[in-house]
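Only one structure is covered here, and it is reproduced in the block below.
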């Protein structure tokens, strides 16, 4: 499912014009990004949390030059689903038969 599919479904369910749904969705994404940039987590009750995780410094390899490089500590965005969300997916998910 892509963003346009989400916009279409929400528009159909609510009767709100697609352009208004798109603007709202984009505003939500922008707020989540801005909050995570500031180091603030975003909690959406019943859905999950958008959090910033710290990755420790580690040693990696540059394969072409065959040398070790130090990857400094850094922060990455992550999503942690709420327990109710996880349970809903577990109980409702049925994988399609792939051949």
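Numbering (the working numbering), first residue to last: 18 to 116. Here a beta-carbon is modelled for each residue, glycine too, at the ideal position from N, C-alpha and C.
Here residue 38 is buried: its Cβ has 16 or more other Cβ atoms, across all protein chains shown, within 10 Å. Within the DSSP secondary-structure output, residue 67 pairs in a beta bridge with 59, 96. Closest in alpha carbon position to residue 42, among 29, 20, 62, 78, is 20.
A straight-line Cα-Cα distance of about 14 angstroms links residue 105 and residue 62. Across the set 91, 24, 55, the C-alpha of 55 shows the shortest separation from the C-alpha of residue 67.
Here residue 93 is exposed: its Cβ has fewer than 16 other Cβ atoms, across all protein chains shown, within 10 Å. In the same chain as residue 24, and ignoring 5 residues on each side of it, the C-beta atoms closer than 8 angstroms to its own belong to 35, 38, 39, 42, in chain order. Taking 8 angstroms as the cut-off, the beta carbon of residue 78 is found no closer than this to the beta carbon of residue 91. Nearest to residue 76 by C-alpha distance, out of 87, 100, 108, is 87.
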